[in-house]
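Enquirer: Chains as they are written, first to last, in the working numbering: chain L, 273 to 621; chain Z, 35 to 372.
Here a beta-carbon is modelled for each residue, glycine too, at the ideal position from N, C-alpha and C.
Here it is, the structure in full.
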């Protein structure tokens, strides 16, 4: 597994504990100048040999470069069979077996497997750890296509280890391998806890803003749609509004009750229970989903398909614009001009 | 929950009795059958199953096979006259296998706002011999996306019982009130035994001459018309040598589930418990689903979009090169003028 970390003290320990229990052999971490104690947690695991830390100093946030480097190192120096490019707020949940069992079952000819990201919504911060509090998962009935929303439906992929892997921002796809993705199957879920406390939201916005500003200032990069939500968090942190935004996201008891009764959020205690199991030194078990769980999962995953259609429409809109530009410079006019110029050159002595 | 299946048959005596026994034992409440001009004993087998009211018979004697029309009629009848909550349109060579034990478990799990789920075809290849088909045919092929192959990837639908259902040709899709599809889920496998003997192969395709609705049917009819029956048979059959090679390659997979279920049914009068699916079984299903989804409209749209992006990028590149060439020529023309 590869990780990018920066000041993730409230979640990094749980992240490592869960994934080791689920069957991850080694975590490669690029620690981007953490100063909140995250570096100490990582150093401790590094000494145990299960974490390899690459420390990056304060400066531009080079996500694609760093994740790609780690994915390649996993293949070339650590003998990995599969690589999961994760974030610290993501918990990769295998459906029906451990991570090695699920990934080991994938036919040889496929090298990319899709994972469905399941968003957990923020709840009131009563001082308990995030996994004890955040047991409500969003169950969208329609895709949220607003690029500024943290709840947009999306997939991530895991890939067979490959020395030329090229991991794009957000690990939504991996190039450079020639691997074919398996369609229509999500053997892994990604339990995602992006917003956990007001302080964490503020820190996330501030850090992201400063790192990315430096990055964009240093290179010619265009911000993708995923950046919009982070940019909003940055703006909120600058204006001192993070706590208010957090409270708005949490909502009132009445709103929460209504969302639960309408099925827009559902109770999901899997991570909480798993971390309790790990804390009591018991082995983790990933039971096979029941028919009802499979059906509910499929219904949620259908939202991904709908979101894909919107993405295809946007790509078609962009294509339409590019074709119009091409049409604006008619080929025949260009050809005439070229011929005239060529004749003129030929006539010259 | 009341579950109905529908069936269009014509001369399927080698399989229809087994089909009825299996699905009724699986918990299907009623089967509505349209018997199209059967003369090989199929009609007698159907009548033998009819007395307890679980098999309802309709007869068609016209020349032309009106498959979609008859299936649609039966789907509606199932809803309006037989109280079906769900209807599964099927063929006699399709054995529906619920992945979680029973039809009711899978269908009860479907949220009310959805009305259609899909079964994924699993293509069992022809192994010759004198035994019943389910004893011989215990190997299935990885499906192909080539629609002219008899073993091409396909999906079939099951839908809630509604009075205005319209089932498409081949039972691959359905429209009607509230019939929204759960796309990303295959709660059923459809164990498919399309070619069971040389004679049945020829009869099967010749019967479809009045409604050749499928590339594999058109191709088979062409071959038969040219007298190339052997070619058609050779493509379908798997001999011992091929079997060993392809099992090793993973392009054939041994699958004895139906054989074991039917043996159990014959000896105990009820189906044995299904083997519990493993993660490996899920991956095996996903591999076939991957091929079936090759023709899914969302996948096709995404692929065409990517093709267009490449084509436009190429055109943009050419336009860019052309404008640079033009600039250079203009510059050299200018320097020649000086």
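Inspect the beta-carbon positions of residue 36 of chain Z and residue 135 of chain Z and report whether they are closer than 8 Å.
Expert: Result no, Cβ atoms of residue 36 of chain Z and residue 135 of chain Z do not sit closer than 8 Å.
Enquirer: Could you tell me if residue 146 of chain Z is buried or exposed, where buried requires 16 or more neighbouring beta carbons within 10 angstroms of its beta carbon?
Expert: Label assigned to residue 146 of chain Z: exposed.
Enquirer: Name, please, each residue of chain Z whose Cβ falls closer than 7 Å to the Cβ of residue 398 of chain L.
Expert: Chain Z residues near residue 398 of chain L: none, gap ~33 Å exceeds 7 Å.
Enquirer: Can you tell me whether DSSP reads residue 492 of chain L as helix, strand or coil?
Expert: Unreliable positioning characterises residue 492 of chain L in this predicted model, as indicated by a pLDDT of 45, which lies under 50. The coordinate reading is nonetheless provided below. Coil at residue 492 of chain L, not helix or strand.
Enquirer: Round the Cβ separation of residue 155 of chain Z and residue 230 of chain Z to the nearest angstrom and send it over; I've been treating them as touching at under 8 Å.
Expert: About 16 Å separates the two Cβ atoms, so there is no contact after all.
Enquirer: Within the region 136 to 177 of chain Z, note down every full alpha helix (DSSP H) run reaching 4 residues or more, in order along the chain.
Expert: Counting only runs of 4 or more, we get 137 to 142 and 167 to 170.
Enquirer: Could you pull the DSSP bridge partners for residue 39 of chain Z from this structure?
Expert: Z/65 and Z/122, per the DSSP bridge assignment.
Enquirer: With C-beta atoms as the reference, is residue 412 of chain L less than 8 Å away from residue 462 of chain L?
Expert: Not closer than 8 Å, so no.
Enquirer: Suppose you measure from the CA of residue 72 of chain Z to the CA of residue 276 of chain Z; what does that come to, to the nearest Å?
Expert: Cα-Cα distance, rounded: 35 Å.
Enquirer: Does the Cβ-Cβ distance between residue 43 of chain Z and residue 83 of chain Z come in under 8 Å?
Expert: In this structure, residue 83 of chain Z does not lie closer than 8 Å to residue 43 of chain Z by Cβ.
Enquirer: Identify the contact partners of residue 378 of chain L in chain Z, using a Cβ-Cβ distance below 7 Å as the criterion.
Expert: Per Cβ cutoff of 7 Å: 317.
Enquirer: Taking the runs of the beta strand (DSSP E) that are 3 residues or longer, which of them lie wholly in the region 533 to 583 of chain L?
Expert: Entirely contained in the region 533 to 583 of chain L, the beta strand (DSSP E) runs reaching 3 residues are, in chain order, 537 to 539.
Enquirer: Of the residues that make up the region 118 to 140 of chain Z, which ones have a beta carbon closer than 7 Å to any beta carbon in chain L?
Expert: Under the 7 Å Cβ criterion, the region 118 to 140 of chain Z contributes 134, 139 and 140.
Enquirer: Could you list which residues in chain Z have their beta carbon closer than 8 Å to that of residue 587 of chain L, in chain order?
Expert: Within chain Z, the residues near residue 587 of chain L are 339 and 343.
Enquirer: Say whether chain Z places a C-beta atom closer than 8 Å to the C-beta of residue 555 of chain L.
Expert: No - not a single Cβ of chain Z is within 8 Å of the one on residue 555 of chain L.
Enquirer: State buried or exposed for residue 491 of chain L, treating a residue as buried only when at least 16 other CB atoms are found within 10 Å of its CB.
Expert: Caution is warranted here: a pLDDT of 49 is assigned to residue 491 of chain L, below 50, making its placement in the model unreliable, and the coordinate value is therefore given only provisionally. By the neighbour-count rule (16 or more Cβ atoms within 10 Å), residue 491 of chain L is not buried but exposed.
Enquirer: Return the Cβ separation of residue 363 of chain L and residue 292 of chain L in integer angstroms, given the expectation that the two are a contact with Cβ distance under 8 Å.
Expert: Actually they do not touch by this definition, with Cβ atoms about 12 Å apart.
Enquirer: Judging by CA-CA distance, which residue of L/614, L/478 and L/365 is the nearest neighbour of residue 464 of chain L?
Expert: Looking at the Cα atoms, L/365 is the closest of the given residues.
Enquirer: From L/275, L/324 and L/298, pick the residue whose C-alpha is nearest to that of residue 338 of chain L; which is it?
Expert: Closest by alpha carbon: L/275.
Enquirer: Using the Cα positions of residue 237 of chain Z and residue 254 of chain Z, report the straight-line distance between them to the nearest angstrom.
Expert: Answer to the nearest angstrom: the Cα atoms are 11 Å apart.
Enquirer: According to DSSP, is residue 521 of chain L helix, strand or coil?
Expert: The answer is helix: DSSP assigns residue 521 of chain L an H, G or I state.
Enquirer: Anything in chain L within Cβ reach of residue 359 of chain Z, meaning under 8 Å, just list it in chain order.
Expert: Residues of chain L passing the Cβ test: 610.
Enquirer: Short of 7 Å in beta carbon distance, which residues of its chain neighbour residue 239 of chain Z, apart from the five on each side in sequence? Order them along the chain.
Expert: Answer for residue 239 of chain Z: 251, 254, 255 and 258, listed in chain order.
Enquirer: Determine, for residue 596 of chain L, whether the minimum Cβ-Cβ distance to residues of chain Z falls below 8 Å.
Expert: Chain Z, which has no Cβ nearer than 8 Å to the Cβ of residue 596 of chain L, makes this no.
Enquirer: Once the 5 residues before and after residue 335 of chain L are set aside, which same chain residues still bring their CB inside 6 Å of it?
Expert: Closer than 6 Å at Cβ, skipping near neighbours: 441.
Enquirer: Cα-Cα, which of Z/80, Z/89 and Z/50 is closest to residue 63 of chain Z?
Expert: The shortest C-alpha separation from residue 63 of chain Z is found at Z/89.
Enquirer: Are residue 212 of chain Z and residue 200 of chain Z closer than 8 Å when you measure CB to CB?
Expert: Their beta carbons are not under 8 Å apart, which means residue 212 of chain Z does not touch residue 200 of chain Z by this criterion.
Enquirer: Compare the beta carbon distance of residue 148 of chain Z and residue 571 of chain L with 8 Å and say whether it is the shorter of the two.
Expert: Yes, Cβ-Cβ distance for residue 148 of chain Z and residue 571 of chain L is below 8 Å.
Enquirer: Strictly below 9 Å CB to CB, what residues from chain Z border residue 368 of chain L?
Expert: What residue 368 of chain L touches in chain Z: 311, 312, 313 and 316.
Enquirer: Mind the definition here: the region 537 to 552 of chain L touches the region 397 to 412 of chain L only if three or more C-beta pairs lie below 8 Å; say whether that holds.
Expert: With the cut-off at 8 Å, the region 537 to 552 of chain L and the region 397 to 412 of chain L touch.
Enquirer: Along the chain, where does the beta strand (DSSP E) containing residue 387 of chain L start, and where does it finish?
Expert: Taken as a continuous stretch (DSSP letters only), the beta strand (DSSP E) holding residue 387 of chain L covers 382 to 391.
Enquirer: Report all residues from its chain with a CB closer than 6 Å to the CB of residue 227 of chain Z; omit the five preceding and five following residues, and keep chain order.
Expert: For residue 227 of chain Z, where only same-chain residues beyond five positions count, the Cβ hits under 6 Å are 127, 158, 167 and 171.
Enquirer: State buried or exposed for residue 617 of chain L, treating a residue as buried only when at least 16 other CB atoms are found within 10 Å of its CB.
Expert: Exposed, because fewer than 16 other Cβ atoms sit within 10 Å of the Cβ of residue 617 of chain L.
Enquirer: Whose CA, out of Z/313, Z/311 and Z/294, lies closest to the CA of residue 305 of chain Z?
Expert: Selected option, being the one with the closest Cα: Z/294.
Enquirer: How would you label residue 196 of chain Z, buried or exposed, when you count the other beta carbons within 10 angstroms and need 16 or more for buried?
Expert: So residue 196 of chain Z counts as buried.
Enquirer: Kindly indicate which three-state DSSP category residue 345 of chain L falls into: helix, strand or coil?
Expert: Note: residue 345 of chain L maps to helix in three-state DSSP.
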